[in-house]
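Read the structure below first, then the notes.
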Amino acid sequence: MKTLYLTDQQTEQLFTTIRWFFLIICGALYLFEPIQQPLNLNPFTFEYLLIFSLSYTLILQLALMISSKREKLQSFTMKLGIFFDFIATFWFIALTGSANSLFVPIIYVHLMHATILWRTRGLVIALMTSIVGYSVVCFYPPIQITTEKLWAFAFDIVFFILVGIFAAIIALRERKHHKEKMAFQNQSVSDYVTGLYNHRSFQNTLGKLVNTNKSFSLILADIDDFKKINDQYGHTVGDQVLSAYGNTLKHELNNFDSYAFRYGGEEFAIILFNTRKRSLETQIQQWNKLFEKGINLLPELNHETITISYGVSFRQEADTKEDILNRADEYLYLAKARGKNCAMFQESYERVGE
121 MKTLYLTDQQ TEQLFTTIRW FFLIICGALY LFEPIQQPLN LNPFTFEYLL
171 IFSLSYTLIL QLALMISSKR EKLQSFTMKL GIFFDFIATF WFIALTGSAN
221 SLFVPIIYVH LMHATILWRT RGLVIALMTS IVGYSVVCFY PPIQITTEKL
271 WAFAFDIVFF ILVGIFAAII ALRERKHHKE KMAFQNQSVS DYVTGLYNHR
321 SFQNTLGKLV NTNKSFSLIL ADIDDFKKIN DQYGHTVGDQ VLSAYGNTLK
371 HELNNFDSYA FRYGGEEFAI ILFNTRKRSL ETQIQQWNKL FEKGINLLPE
421 LNHETITISY GVSFRQEADT KEDILNRADE YLYLAKARGK NCAMFQESYE
471 RVGE
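Sequential numbering of the sequence shown, starting at 121, is according to the working numbering.
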């Protein structure tokens with residue numbers, strides 16, 4: 121069953137669509153006078169409201185597009201949107217009959233918007249501002265405040281609170297379910313010891329990449345003499361060594377242009393969208409330095425030197441995933457045969473740094 125969960129950006133895009141919908145309604149009210157009378161439309165400042173709403177909706181739409189990869193700007197844009205919505209909502213209600221306006225339910229949308237994006241804090245802030253805003257709309261100026269009007273106001277406030285609470289419950293429950301689902305998904309594609317993607321994920325990723333036109337490098341890395349480490353120090357220390365190299369790759373690799381996997385046992389697979397040999401050599405040297413620092417933090421190893429061998433292949437046009445994997449495995453074997461602690465590149469027998 122598909123989840124209804126939306127990311128914050130998708131949620132904001134949805135509410136931006138709702139803004140455009142209400143702008144169309146406002147435009148219809150402004151252009152067609154026969155509609156204005158039944159809705160008790162007060163034309164005073166309505167033009168300004170329309171210009172204000174159109175301007176900030178357009179600005180927010182553009183800002184969302186620009187900030188898609190900038191979290192801080194995106195968060196600020198969303199908060200600004202809720203603030204402008206608050207102003208426009210109560211301005212619109214004030215011009216269409218105040219407490220008697222047919223558009224009072226728009227406040228429910230405002231409450232849900234703030235609650236979904238800000239959760240409990242959003243609910244509290246939105247409720248307080250909505251109650252204050254609605255009080256001003258209903259009772260300013262304080263003329264002819266009747267008991268009937270007070271009861272109607274009280275019921276509206278109760279409904280505001282109920283809608284806000286239910287929106288918070290639904291939003292929090294959906295976010296919890298989404299987090300649980302993501303945790304299960306991560307467990308199915310991640311390796312427990314290293315925190316890297318697992319073998320299954322590697323096969324899926326490599327299979328997809330060879331069907332694209334992208335150039336990339338495949339590196340197989342193998343911890344030298346790992347069996348001796350396990351036999352001498354135990355599997356717990358062996359797992360710590362694996363974890364140290366996993367942490368090295370997670371620290372050094374950029375998620376946008378690389379992938380790192382635990383291929384199996386003491387072997388790792390790294391996919392890089394970089395095919396420049398010298399650049400790859402520099403990266404491998406940096407990995408080795410950082411890995412050495414991590415190993416030195418393990419007191420059980422008594423500063424023992426642990427090295428890694430690498431086999432590097434490059435994607436070719438007619439490659440299947442087996443082709444590029446077999447070449448990387450072949451060059452890893454050559455690295456082991458040449459004395460370990462080195463990297464062998466496709467079509468090259470140079471050691472790293474030479």
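Where a beta carbon is used, it is the ideal one built from N, C-alpha and C, also for glycine.
{"Check": "Let me make sure I understand the geometry here. Which of T332, L329, H355, V361 has the alpha-carbon closest to that of H423?", "Outcome": "V361"}
{"Check": "Can you grab the Cα-Cα spacing for the pair F336 / F279, in whole Å?", "Outcome": "58 Å"}
{"Check": "How long is the line joining the alpha carbons of Y312 and G414, rounded to whole angstroms?", "Outcome": "18 Å"}
{"Check": "What's the call for V257, buried or exposed, on a 16-neighbour Cβ count within 10 Å?", "Outcome": "buried"}
{"Check": "Kindly provide the ranges of any alpha helix (DSSP H) runs that are 4 or more residues long and lie completely inside the segment 369-456, ordered along the chain.", "Outcome": "397-416"}
{"Check": "If you follow the alpha helix (DSSP H) that A234 is in, where does it begin and where does it stop?", "Outcome": "226-259"}
{"Check": "Pairs of beta-carbons, one from the segment 324-335 and one from the segment 367-377, closer than 8 Å: are there three or more?", "Outcome": "no"}
{"Check": "Does the Cβ of Q264 have 16 or more other Cβ atoms within 10 Å, making it buried, or fewer, making it exposed?", "Outcome": "exposed"}
{"Check": "Taking all protein chains shown into account, decide if Y168 is buried (16 or more other Cβ within 10 angstroms of its Cβ) or exposed.", "Outcome": "exposed"}
{"Check": "Check whether the segment 178-197 and the segment 209-227 are in contact - that is, three or more C-beta pairs closer than 8 Å.", "Outcome": "no"}
{"Check": "Apart from the five residues on each side of it in sequence, which residues of its chain come closer than 6 Å, Cβ to Cβ, to Y353?", "Outcome": "E420"}
{"Check": "Which class does F164 belong to by DSSP, given the choice of helix, strand or coil?", "Outcome": "coil"}
{"Check": "I need the DSSP call for S310, collapsed to helix, strand or coil.", "Outcome": "strand"}
{"Check": "Which residues in the same chain as L539 place their Cβ atom closer than 6 Å to its Cβ, once the five residues preceding and following it in sequence are excluded?", "Outcome": "Residue 539 falls outside the range modelled here, since the chain spans only 121 to 474, and no answer is possible."}
{"Check": "Alpha carbon to alpha carbon, what distance is there between N461 and V472?", "Outcome": "Confidence is the limiting factor: at V472 the pLDDT is only 41, short of 50, which leaves the residue's position unreliable, though a coordinate-based value still follows. Whole-angstrom Cα-Cα distance: 9 Å."}
{"Check": "Contact check, S175 vs A208 under 8 Å by CB: the rounded distance?", "Outcome": "Incorrect: roughly 11 Å between the Cβ atoms, too far for contact."}
{"Check": "Between which two residues does the alpha helix (DSSP H) containing A219 stretch?", "Outcome": "Taken as a continuous stretch (DSSP letters only), A219 belongs to no alpha helix (DSSP H), as it is neither H nor E."}
{"Check": "Pull up the distance between the alpha-carbon of I171 and that of T249, whole angstroms please.", "Outcome": "23 Å"}
{"Check": "Specify, as a first and last residue, the run of the beta strand (DSSP E) that S337 falls within.", "Outcome": "337-343"}
{"Check": "Please look up how many angstroms separate the CB atoms of G201 and E132, rounded, as I've assumed it's under 8 Å.", "Outcome": "7 Å"}
{"Check": "Since G253 and F212 are thought to touch, with beta carbons under 8 Å apart, how far apart are those beta carbons, to the nearest angstrom?", "Outcome": "At roughly 11 Å, the Cβ-Cβ gap does not stay under 8 Å, so G253 and F212 are not in contact."}
{"Check": "Following the continuous alpha helix (DSSP H) through F346, name the residue where it begins and the one where it ends.", "Outcome": "346-353"}
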